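Count along the sequence shown starting at 1, add 1384, and that's the number in our numbering.
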Amino acid sequence: MITSSLLLASETTDRFVLVGYGDVKYESADVADTDAFSARFIPIFLFSLNDKMHVEAELEFGLGENGETETELEYADIHYFLNDNTTLTAGKFLLPFGQFSANWHPSWINRSIWTPGVYGAHGSSQAMDPLLPILSDVGVAAQQVYQVGSAKVFVDVFMTNGPRSEAAHDEEEIEDDHDDLIARFFAPSAAADPDSEEDGHGEAFPEVEFEATSSDNNSNKAFGGRLAIALLPSIEIGTSYYQGAYDEQGQLDITANGFDINFISTHAIIRGEYIKTETDSFVERDHEQTIDSFSRNGWFLQGTFFVGHAFQSLGSTELVLEYAETNKIEEAERWMVGVNYWLDPRSVIKVGYEDTDVVEGPDDTRFAVQFSYGF
């Protein structure tokens, strides 16, 4: 986690530190038919129990459509530092799958106003059906760092409660927008295309939830991790894996594989991720029930260009371009262009326009202005 690394590296003797971020946004969206302001405040609490143990927790406060205050526990965990290179974690934490979930999602770090199209939730509704949410869960994890010449190798592994089948329709409806988005991630509105060779099941896409809870609907745990190599501070490349059984019998799995890249130079930042998911489901074959798998994939690439470096009169202005697409089931593609102006190293005004083309569904355009800050 970024916060735990900063805390470990800090030379301060203070036992408690309050950091965090927030944003205020105006957004106009076609499909959602919205034209409104919104605001969020996300404090992060860091507490040092001793030199070996640190606690961190992140809360998100936002306003709902009816004026109610919405509160969510993003994560709350404890880190135990075995040594300078080995960290053990327990609690609710952001899973080390890719880089966006654990490192880039705060609004003042993400160069775009919106979450990339392959991910969902976290203050960003969208017309695309995402592949994954911002993954967080309850469990244990470990991180090991190796120094190999001038490079660093990061090894992360985790085990958590895992996903579960979506609640039956006759149960209490989910009211919170964030929860509703999570319930949709592996439940696109359209069934698989019967003409597709790989996904032509003729069955409805399985419905799965990823929201972290303190319970597990089966005895199988989700597990996975990330392996990355970094030539700091210029480039980091990683690959990730996630697998978990989601039905009560523990027979149906969701598997995700990912690849991520982060390149930083004097004049630009290039970030991107590729994700492929395989979701098991029971299907009928010759009057018998068998297990088949639904496959989806997608990727995004985001480029940030420091135009102020080339034209000094523009100061700390950035140009941001992003492309995302999802394939096979619920196909869509999205272009985003934005201009950012940094007031100081931790506060930025962002203006963005986004155009989404959905193969089977309504297209969407969005325009937004956002003020983001970190503290």
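Beta carbons are placed, not taken as given, at the ideal position from N, Cα and C, and that holds for glycine. Small disclaimer: the values here were computed from a predicted structure and weren't measured.
Requested in this report: Keeping to the same chain, check which residues put their C-beta closer than 7 Å to that of V1743; ignore five residues upstream and five downstream.
Outcome: Residue 1743 sits at position 359 when you count from the first residue of the sequence shown. Excluding sequence neighbours, V1743 sits near E1715 and A1716.
Query raised in the report: Which residues mark the beginning and the end of the alpha helix (DSSP H) in which G1692 is found?
Result: Along the sequence shown, read from residue 1 onward, the residue named residue 1692 stands at position 308. Start and end: V1691 to A1694.
Requested in this report: Could you round the C-beta distance between Y1459 and K1436 to whole angstroms and report it? I think they count as a contact, below 8 Å.
Outcome: Numbered from its first residue, the sequence shown carries residue 1459 at position 75. Numbered from its first residue, the sequence shown carries residue 1436 at position 52. Actually they do not touch by this definition, with Cβ atoms about 20 Å apart.
**Report entry** Span of the beta strand (DSSP E), counted from its first residue to its last, around K1536
**Finding:** In the sequence shown, the residue the question calls residue 1536 occupies position 152. Counting along the chain, the beta strand (DSSP E) containing K1536 begins and ends at A1535 to T1544.
**Report entry** Segments assigned beta strand (DSSP E), at least 3 residues, entirely inside the stretch 1435 to 1514
**Finding:** 1437 to 1447, 1453 to 1465 and 1470 to 1478
Query raised in the report: Out of curiosity, what's the CA-to-CA distance linking S1520 and Q1627?
Result: To locate residue 1520, count along the sequence shown from 1; it is residue 136. To locate residue 1627, count along the sequence shown from 1; it is residue 243. Cα to Cα, the separation comes out at about 14 Å.
Requested in this report: Name the residue from T1710, T1740, S1700 and R1750 whose alpha carbon lies nearest to the alpha carbon of D1728.
Outcome: In the sequence shown, the residue the question calls residue 1728 occupies position 344. For D1728, the nearest C-alpha among the options comes from S1700.
Query - Sheet register partners of P1729 (DSSP bridge) - result: Position 345 of the sequence shown, counted from the start, is the residue given in the question as residue 1729. Note: P1729 sits in no beta bridge, so no partner.
Query - N1545 vs T1597 beta-carbon contact at 8 Å - result: Along the sequence shown, one-based indexing puts residue 1545 at 161. Along the sequence shown, one-based indexing puts residue 1597 at 213. Going by C-beta atoms, N1545 is nearer than 8 Å to T1597.
**Report entry** Spatially closest choice to Q1527 from D1513, A1612 and G1451, by CA coordinates
**Finding:** Taking the sequence shown and counting its residues from 1, one reaches residue 1527 at position 143. For the residues D1513, A1612 and G1451, the minimum Cα distance to Q1527 belongs to A1612.
Query - For I1619, the nearest candidate out of G1656, S1599 and T1418 (CA to CA) - result: As a position in the sequence shown, residue 1619 is number 235, starting the count at 1. For the residues G1656, S1599 and T1418, the minimum Cα distance to I1619 belongs to G1656.
Query - Proximity of L1516 and V1502 at Cβ, strictly below 8 Å - result: To locate residue 1516, count along the sequence shown from 1; it is residue 132. To locate residue 1502, count along the sequence shown from 1; it is residue 118. Yes.
Report task. Mind the definition here: the stretch 1693 to 1711 touches the stretch 1483 to 1494 only if three or more C-beta pairs lie below 8 Å; say whether that holds. Result -> no
Requested in this report: In the DSSP assignment, find the beta strand (DSSP E) that holds P1547 and state where it starts and stops.
Outcome: Position 163 of the sequence shown holds residue 1547. First-last for P1547: undefined, no H or E at that position.
Query raised in the report: At what residue ranges does the stretch 1650 to 1712 contain a whole run of the alpha helix (DSSP H), taking only runs of 4 or more?
Result: 1691 to 1694
Query raised in the report: What is the DSSP secondary structure of Q1635, reduced to helix, strand or coil?
Result: Taking the first residue of the sequence shown as position 1, residue 1635 is located at position 251. Looking at Q1635 - three-state DSSP - the assignment turns out to be coil, as it is neither helix nor strand.
Query raised in the report: Is it buried or exposed for D1748, if we count other Cβ within 10 angstroms and need 16 for buried?
Result: Here residue 1748 is taken as the residue at index 364 of the sequence shown, counted from 1. Buried, since its Cβ has 16 or more Cβ neighbours within 10 Å.
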